[in-house]
Amino acid sequence: MNQRQAIGGYLLVATGSALFSSKAIFIKLAYVERHDALLMLAWRMVFALPMFVAVAAYELGRRRQKKRARPDGWSMLAAIVVGLIGYYVAMILDFAGLLYVSAQLERLVLFTYPIFLIFIGAAFFKMHLTWHSLIAAAISYAGLAFVFLNDYSSEGSHVALGTILVLLSAVAFAVYQLLAKGLIEKMGSTLFTSLALSGAAVTTLVHVGIARGGLDTGVSGHYLLLAAGTGLLATVVPSFFVNAGMARIGAASTAMISNVSPLMTIYFAVLILGEDFTLADGIGTVLVIGGVGFHTWRDLQKPSA
Numbered sequence: 284m285n286q287r288q289a290i291g292g293y294l295l296v297a298t299g300s301a302l303f304s305s306k307a308i309f310i311k312l313a314y315v316e317r318h319d320a321l322l323m324l325a326w327r328m329v330f331a332l333p334m335f336v337a338v339a340a341y342e343l344g345r346r347r348q349k350k351r352a353r354p355d356g357w358s359m360l361a362a363i364v365v366g367l368i369g370y371y372v373a374m375i376l377d378f379a380g381l382l383y384v385s386a387q388l389e390r391l392v393l394f395t396y397p398i399f400l401i402f403i404g405a406a407f408f409k410m411h412l413t414w415h416s417l418i419a420a421a422i423s424y425a426g427l428a429f430v431f432l433n434d435y436s437s438e439g440s441h442v443a444l445g446t447i448l449v450l451l452s453a454v455a456f457a458v459y460q461l462l463a464k465g466l467i468e469k470m471g472s473t474l475f476t477s478l479a480l481s482g483a484a485v486t487t488l489v490h491v492g493i494a495r496g497g498l499d500t501g502v503s504g505h506y507l508l509l510a511a512g513t514g515l516l517a518t519v520v521p522s523f524f525v526n527a528g529m530a531r532i533g534a535a536s537t538a539m540i541s542n543v544s545p546l547m548t549i550y551f552a553v554l555i556l557g558e559d560f561t562l563a564d565g566i567g568t569v570l571v572i573g574g575v576g577f578h579t580w581r582d583l584q585k586p587s588a
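Using my numbering, read the sequence shown as starting at 284 and increasing by one per residue.
Written as structure tokens, this is what we have:
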């Protein structure tokens with residue numbers, strides 16, 4: 284890999300991470316008009332679904348042209364089912380949580396999903412639990428406690444409900460990551476991501492159809508623009524940017540650069556939403572990023588297999 288490729292990879296991952304971090308901002312702005320998590324998630328999927336279906340079709344067609352074996356039907360079905368955990372269950376919980384907590388707290392809670400991944404992996408997937416993982420967990424959740432208690436004292440008990448919902452979202456996303464690993468190795472990240480998100484999008488729209496009798500189209504143009512931003516700028520584009528960057532610089536460097544995501548959310552939340560950034564928020568942010576960063580750094584020290 285030459286220097287130009289490396290710089291391009293770093294820029295792709297950094298840009299993708301920044302775009303991912305804008306999701307909470309789009310949602311919070313949309314909630315000013317309509318306090319409805321399911322509706323916002325449905326409109327997000329309306330804009331994202333055509334892109335992921337097109338990419339999945341292109342990828343399958345490319346494999347057929349090159350006479351490469353396509354994944355078997357069971358593997359593709361498994362990708363869709365696993366996608367429901369990461370992009371349907373986790374997203375509904377996350378969007379619901381954002382009704383009650385600040386964008387800053389939401390991003391910090393979600394950022395701790397690697398810690399959940401460690402403990403769930405140790406309990407059910409025969410992964411080893413190390414001392415540095417326990418230290419990372421303690422540091423990260425001490426940071427969350429700082430931010431949570433600060434918000435709880437000023438905003439009230441609904442912050443507890445929102446935090447629990449986002450924590451459950453982080454747990455669901457950790458389970459998704461653990462289940463997705465083998466499928467990504469089998470079919471590649473592009474096809475897997477497209478199938479997973481397509482399945483989640485269709486399920487979300489069916490859910491809305493059953494629960495609401497159809498998608499509410501009586502929304503403003505401004506709301507649709509925010510939904511499009513959530514679906515395209517905060518979902519589709521960063522998914523492919525991060526994947527493309529990872530192909531150039533590897534998973535390890537990608538994980539390190541992705542640590543900018545909470546910082547970008549905080550910046551956007553203060554600048555665009557006018558959220559306060561207190562000393563407690565600062566201490567909590569440093570601890571959360573420090574804990575997850577410490578775990579990532581220690582993980583990178585492991586000798587390659």
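From the three backbone atoms N, C-alpha and C, an ideal C-beta is built for every residue, glycine too. Since the model is a prediction, treat every value here as computed from it, not as a measurement.
Sequence-distant residues of its chain with Cβ nearer than 8 angstroms to residue i (five each side left out)
{"i": "residue 522", "result": "299, 476, 480"}
{"i": "residue 449", "result": "376, 377, 380, 381, 384, 388, 389, 392, 393"}
{"i": "residue 524", "result": "295, 296, 298, 299, 302"}
{"i": "residue 575", "result": "394, 395, 397, 398, 419, 423, 542"}
{"i": "residue 492", "result": "498"}
{"i": "residue 566", "result": "426, 429"}
Delimiting residues of the alpha helix (DSSP H) encompassing residue i
{"i": "residue 423", "result": "414-438"}
{"i": "residue 377", "result": "373-380"}
{"i": "residue 354", "result": "Segment: none, residue 354 is in no alpha helix (DSSP H) and carries neither H nor E."}
{"i": "residue 341", "result": "320-348"}
{"i": "residue 292", "result": "286-304"}
{"i": "residue 550", "result": "544-551"}
{"i": "residue 501", "result": "Residue 501 -> no alpha helix (DSSP H), and no H or E assigned at all."}
{"i": "residue 493", "result": "472-495"}
{"i": "residue 392", "result": "386-394"}
Min CB distance residue i to chain B below 9 angstroms
{"i": "residue 529", "result": "You won't find chain B in this structure, because it holds only one protein chain."}
Three-state secondary structure (DSSP) of residue i
{"i": "residue 558", "result": "coil"}
{"i": "residue 564", "result": "helix"}
{"i": "residue 451", "result": "helix"}
{"i": "residue 506", "result": "helix"}
{"i": "residue 409", "result": "coil"}
{"i": "residue 522", "result": "helix"}
{"i": "residue 531", "result": "helix"}
{"i": "residue 607", "result": "This structure cannot settle anything about residue 607, because the visible part of the chain is limited to 284 through 588."}
{"i": "residue 442", "result": "helix"}
{"i": "residue 317", "result": "coil"}
{"i": "residue 367", "result": "helix"}
{"i": "residue 460", "result": "helix"}
Residues near residue i by beta carbon distance below 7 angstroms, same chain, minus five either side
{"i": "residue 361", "result": "466"}
{"i": "residue 436", "result": "none"}
{"i": "residue 441", "result": "383"}
{"i": "residue 400", "result": "457, 460, 461"}
Cβ-based burial, residue i [other Cβ within 10 Å; buried from 16]
{"i": "residue 445", "result": "buried"}
{"i": "residue 326", "result": "buried"}
{"i": "residue 286", "result": "exposed"}
{"i": "residue 341", "result": "exposed"}
{"i": "residue 455", "result": "buried"}
{"i": "residue 292", "result": "buried"}
{"i": "residue 408", "result": "exposed"}
{"i": "residue 404", "result": "buried"}
{"i": "residue 368", "result": "buried"}
{"i": "residue 562", "result": "exposed"}
{"i": "residue 483", "result": "buried"}
{"i": "residue 500", "result": "exposed"}
{"i": "residue 355", "result": "exposed"}
{"i": "residue 478", "result": "buried"}
{"i": "residue 432", "result": "exposed"}
{"i": "residue 352", "result": "exposed"}
{"i": "residue 372", "result": "buried"}
{"i": "residue 512", "result": "buried"}
{"i": "residue 350", "result": "exposed"}
{"i": "residue 290", "result": "exposed"}
Chain-order list of residues whose beta-carbon lies under 6 angstroms from that of residue i (same chain, five-residue window excluded)
{"i": "residue 555", "result": "308"}
{"i": "residue 304", "result": "544, 547, 548"}
{"i": "residue 552", "result": "386, 387, 558"}
{"i": "residue 451", "result": "376"}
{"i": "residue 288", "result": "531"}
{"i": "residue 560", "result": "553"}
Next on the checklist: For the structure I just gave you, are there three or more beta carbon pairs, one from the region 566-577 and one from the region 419-430, closer than 8 angstroms?
Outcome noted: yes
Next on the checklist: Does the contact criterion of 3 or more C-beta pairs under 8 angstroms hold for the region 463-480 versus the region 517-534?
Outcome noted: yes
Next on the checklist: Tell me whether the region 537-553 and the region 575-582 touch, counting them as touching only if at least three CB pairs, one residue from each stretch, are closer than 8 angstroms.
Outcome noted: yes
Item to check | Cβ contact (3+ pairs, closer than 8 angstroms) linking the region 509-520 and the region 349-369 | outcome: no
Checklist entry - Is the number of C-beta pairs between the region 400-415 and the region 330-349 that are closer than 8 angstroms three or more? => result no
Checklist entry - Is the region 500-507 touching the region 311-320 in the sense that three or more CB pairs, one from each, lie closer than 8 angstroms? => result yes
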